[in-house]
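Structure record follows, encoded as structure tokens.
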Amino acid sequence: MRKEYDFSSAVKNPYTKDLKKQISINISTNVIDYFKKESEATGIPYQTLINLYLSECVSKKMKLTWATPETINK
1414 MRKEYDFSSA VKNPYTKDLK KQISINISTN VIDYFKKESE ATGIPYQTLI
1464 NLYLSECVSK KMKLTWATPE TINK
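Per this note's numbering, numbering through the sequence shown is continuous, rising by one, with the last residue being 1487.
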């Protein structure tokens, strides 16, 4: 192993924008149960399924809609 390495001609990794970041998030147990059942059916880890779903929301630029008592009772 060398004592020093020359990185002056190094190229930045073009895939760094696609890296994942570990976070802590509170998710309802019914949501987790849903994705765990989907995980069993597909063989894909449930955390990956959640990430895939959220990634699809981002790529489609989906907007959130909120149900209010006024809209539910119409």
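By construction, the Cβ of each residue, glycine as well, lies at the ideal position given by its N, Cα and C atoms.
Being a predicted model, the structure only gives us computed values, none of them experimental.
- Excluding five sequence positions before and after L1462, the CB atoms of its chain that fall closer than 8 Å to its own CB belong to F1448, E1451, S1452 and T1455, given in chain order.
- For S1452, the uninterrupted alpha helix (DSSP H) run begins and ends at T1442 to T1455, by DSSP.
- Non-local C-beta neighbours of K1433 in its own chain, meaning closer than 8 Å and more than five positions away in sequence, comprise N1464, ordered along the chain.
- Taking the CA atoms as reference points, R1415 sits about 16 Å from S1421.
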